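Quick note on UniProt numbering: the sequence shown kicks off at 1 and runs consecutively. In what follows, a structure is listed as structure tokens, so that the remarks can point back to it.
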Amino acid sequence: MHRQIAGSLTGRVTKWVVLATMLLLTVFMAFFSSKLTSVQNNEASSWLPESAESTKVLEELSETVDPNDIPTLVVFHRDGGLTEADLAAMEKDGPEIAELDGVTDQGVLTPAAAEAAKAQGAEVPTLVSEDGEVAYLYFVLNFGANGWNDIPDAAEEIRDIAVLDGGEVHLAGFGGQAADSAEAFEGIDTNLIFATLGVVILILLFTYRSPVLWLLPILCAVSANFIATGLVYLLARYADLTVNGQSQAILSILVIGAGTDYALLLVARYREELRRHEDRHEAMAFALHRAAPAIFASAATVAVGMLCLSFADLNSTAGLGPVLAIGVAVTMLVMITLLPALLVICGRWVFWPKRPTYRSAEPTANGLWARVGRAISHRPRRVWLTTTGLLLLACLGLFRLDASGLSTEDTYTKEFDSIKGQKLLTEHGLADNSNTIQVTTATDKAADVAASLSGIDGLGAAGEPQPLADGRSWFEATINADISSSTAADIVEASRDAAHAVDGADALVGGGSAFYLDTKIASERDSWVIMPLVLAVVLLILIGLLRALVAPLILIATVVLSFGAALGISALLFEYVFGFAGSDPGFPLFAFVFLVALGIDYNIFLMTRVREETITYGTRKGSLIGLASTGGVITSAGVVLAATFLVLGSLPLVFLAELGVAVALGVMLDTLVVRSVLVTALNLDLGGKIWWPSKLDRADAPLTEAEADRPLETVH
């Protein structure tokens, strides 16, 4: 029945119906796909849970402080000191900047205005350093909820106005950081996709050694990306799905990488069936019948694993789950509909110059992986014990993983303009007054709360309390540290401890650095909740797929071991090769979800084939056949997926660079070591016991040396 359903998708008439339907759907969704960047929400406030203290402060201040306000600094620097002409030019630039769209009514605070305010007893920041080499202008931008999309243009206008001949001018503060972040993600919907497709095309050309065949998986991957991103746009636009630059980058990478993997598996099985069936339609019916369950199980594992992210406290992480699950589901559907139709329409010639002719020999029967399997079969227990020991040794690198967070400077792989400005402020003793704590408290306790904060190192004096509703007030104090640094986090924690200790104040501490601290706290919570959940869900899927208990438990254990080894080696690379200062708090969780969900894919591809062959030949011989038959395609799939994730490193963000390296390394470990060596050795050692409690391999007969060495082509 399954074969009849598979055949109906690629019949002599239905193949054209499928092609026309998918092409129309692709063109239709491509229109919405191009708009995805416009609905991104990259505001920090949209990432945090409602339970976070900084979110509660933001809610209290919502009627008083606009959450879309973006404090911005224009930093001027000249070695040897700013001249009178430089300061005069700054005073002239201030009113010009104040006239720009997006600058709030409070205007621009210039050095002269600050000195005049101080003379009248007002508490304003010092805008000129003691050595006279650095000064800055302060103002607030507000573009409403669309600030992320509008600030790059505003930044360009500000830079056109603020010019210092022979000196330096940098855009810093929240506004500068937002502009640089937008630059980091610039072209994410085009450049990243083109780079990924270029890498995949090169690998497919090498894998297929055909000037034509590579085109079909690529066309299908592009179709899947258009449909998936278009659907995500519609959900973000009309169903309040949170999408940010990070999730859009990973979505395209995952769609193209996973889609190519599914294509490799299907094409390999189709080519195998073409050697057994003269009619290509019949060959595809058998190929889909055999390969589709593995592709479906793989996609379901990844999609459900990603959906587990929906249980995260962090809204950014929770939103990523549905986005990636949609991408994987769409990719799977495209690869089992459009790709089979294209392959059947093209016929055998698409494999040129090595066309699989009817009744020709199957080359995998005596290929590299067949030889690897025979080598393992002689001493399987020694092989899996040795392999396990080496992977455990690699796990020791985890002790060097620092996921406590990154400062603004360390967040990027290159030095952006805002970072240069921040460095100048710090080096010349000027506080970045755009980075503050915001404290809400009972009005009658405001003075006590402000006094409790007075002794905290790195925290400026509290400003005058401002009234809120319901007997509440609020005030600010400047943090003299980088907004996302561990120093700023320590200041926030100390401020919270002090403020919370004031009886009856019901004080809350928020602000920019508090957002970063709460993000770290939520990330740590999410890791402890989601990691076990992903393992449980994947285990249940494997139990249903393999109809056994021991084999799924073994596969889960090997993937977790692979994850630990990949992260351990990655931590050493980050510290000693790339020189990264640490990792984002969310990095371990993201790496875990991707490596477990994607790593289990290759074991699914292998073990579904092993189970299929076990019915006829027993577990041990079936394991050798499964490895020989899937080894080449799984290796190619692993290389494709690893290469696509490495493309993330082209974005100047340490988080994505680290994620790309860790996933690529983990995928290659799964492909070349865990799946090919460790799992195969365990299968050969345990035999039919892996199918417990089912009685799939009742005989469970060990292989003799002669049987193990017998060419596999005799059993096909």
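Note that CB positions come from ideal geometry on N, CA and C, so glycine has one too. Source: prediction; values computed, not measured.
What's the gap between the Cα of residue i and the Cα of residue j?
i           : j           : result
residue 690 : residue 669 : 22 Å
residue 510 : residue 56  : 8 Å
residue 371 : residue 383 : 15 Å
residue 497 : residue 218 : 56 Å
residue 1   : residue 284 : A caution first: residue 1 carries a pLDDT of 42, below 50, which makes its placement in the model unreliable, though a value can still be read off. Whole-angstrom Cα-Cα distance: 15 Å.
residue 28  : residue 250 : 23 Å
residue 671 : residue 452 : 57 Å
residue 716 : residue 622 : With a pLDDT of only 40 at residue 716, under the threshold of 50, the placement of this residue in the model should not be trusted; the figure read from the coordinates follows. Spanning the two alpha carbons is a distance of roughly 11 Å.
residue 506 : residue 191 : 49 Å
residue 151 : residue 353 : 53 Å
residue 281 : residue 11  : 6 Å
residue 259 : residue 414 : 32 Å
residue 278 : residue 360 : 11 Å
residue 630 : residue 551 : 18 Å
residue 349 : residue 227 : 29 Å
residue 447 : residue 468 : 15 Å
residue 404 : residue 458 : 20 Å
residue 639 : residue 646 : 10 Å
residue 344 : residue 215 : 14 Å
residue 463 : residue 232 : 44 Å
residue 714 : residue 614 : Since pLDDT at residue 714 reaches only 37, below the 50 mark, its modelled position is unreliable, and no value is offered.
residue 402 : residue 582 : 5 Å
residue 572 : residue 196 : 26 Å
residue 794 : residue 531 : This structure cannot settle anything about residue 794, because the visible part of the chain is limited to 1 through 716.
residue 98  : residue 137 : 11 Å
residue 717 : residue 591 : Since the displayed the chain opens at 1 and closes at 716, residue 717 lies outside it and no answer follows.
residue 286 : residue 566 : 37 Å
residue 13  : residue 20  : 11 Å
How close, in whole Å, do the beta carbons of residue i and residue j come, if the pair is a contact with beta carbons under 8 Å?
i           : j           : result
residue 423 : residue 504 : So it is not a contact: roughly 42 Å between Cβ atoms.
residue 479 : residue 437 : 6 Å
residue 54  : residue 515 : 5 Å
residue 328 : residue 22  : In fact, because the Cβ distance is near 17 Å, the residues do not count as touching under 8 Å.
residue 323 : residue 243 : 6 Å
residue 595 : residue 680 : No, residue 595 and residue 680 are not in contact; Cβ-Cβ is about 20 Å, not under 8 Å.
residue 104 : residue 466 : Not really, about 17 Å apart at Cβ, beyond 8 Å.
residue 597 : residue 265 : Their Cβ separation, rounded to whole angstroms, is 16 Å, which puts residue 597 and residue 265 out of contact at 8 Å.
residue 213 : residue 74  : Actually they do not touch by this definition, with Cβ atoms about 55 Å apart.
residue 141 : residue 102 : 5 Å
residue 314 : residue 48  : 7 Å
residue 568 : residue 398 : 5 Å
residue 513 : residue 435 : 6 Å
residue 427 : residue 570 : Wrong, their Cβ atoms sit about 33 Å apart, outside the cutoff.
residue 162 : residue 93  : 5 Å
Note the first and the last residue of the continuous beta strand (DSSP E) segment covering residue i.
i           : result
residue 71  : 70 to 77
residue 135 : 134 to 141
residue 103 : 103 to 109
Just list the residues that DSSP pairs residue i with in beta bridges.
i           : result
residue 476 : 438
residue 168 : 77
residue 466 : 474
residue 653 : 412
residue 213 : DSSP output for residue 213 lists no bridge partner at all.
residue 128 : 135
residue 459 : 479
Hey, could you find the ends of the alpha helix (DSSP H) residue i is sitting in?
i           : result
residue 248 : 245 to 274
residue 394 : 380 to 395
residue 640 : 619 to 646
residue 207 : 191 to 208
residue 177 : 173 to 184
residue 444 : Careful: residue 444 lies outside any alpha helix (DSSP H) and carries neither H nor E.
residue 86  : 84 to 98
residue 426 : 417 to 427
residue 341 : 338 to 346
residue 28  : 14 to 33
residue 53  : 53 to 60
residue 680 : 680 to 686
Tell me whether residue i counts as near the ligand SAM, meaning its Cβ is closer than 7 Å to at least one heavy atom of that ligand.
i           : result
residue 156 : For the ligand SAM, the structure offers nothing, since it holds no ligand at all.
| Completely contained beta strand (DSSP E) runs for the segment 473 to 549, where each covers 3 or more residues | 508 to 511
| field | 3 or more residues per run - each beta strand (DSSP E) lying fully within the segment 273 to 318 | value | none
| Sequence ranges, alpha helix (DSSP H) only - wholly within the segment 571 to 620, length at least 4 | Whole alpha helix (DSSP H) segments, 4+ residues: 587 to 617.
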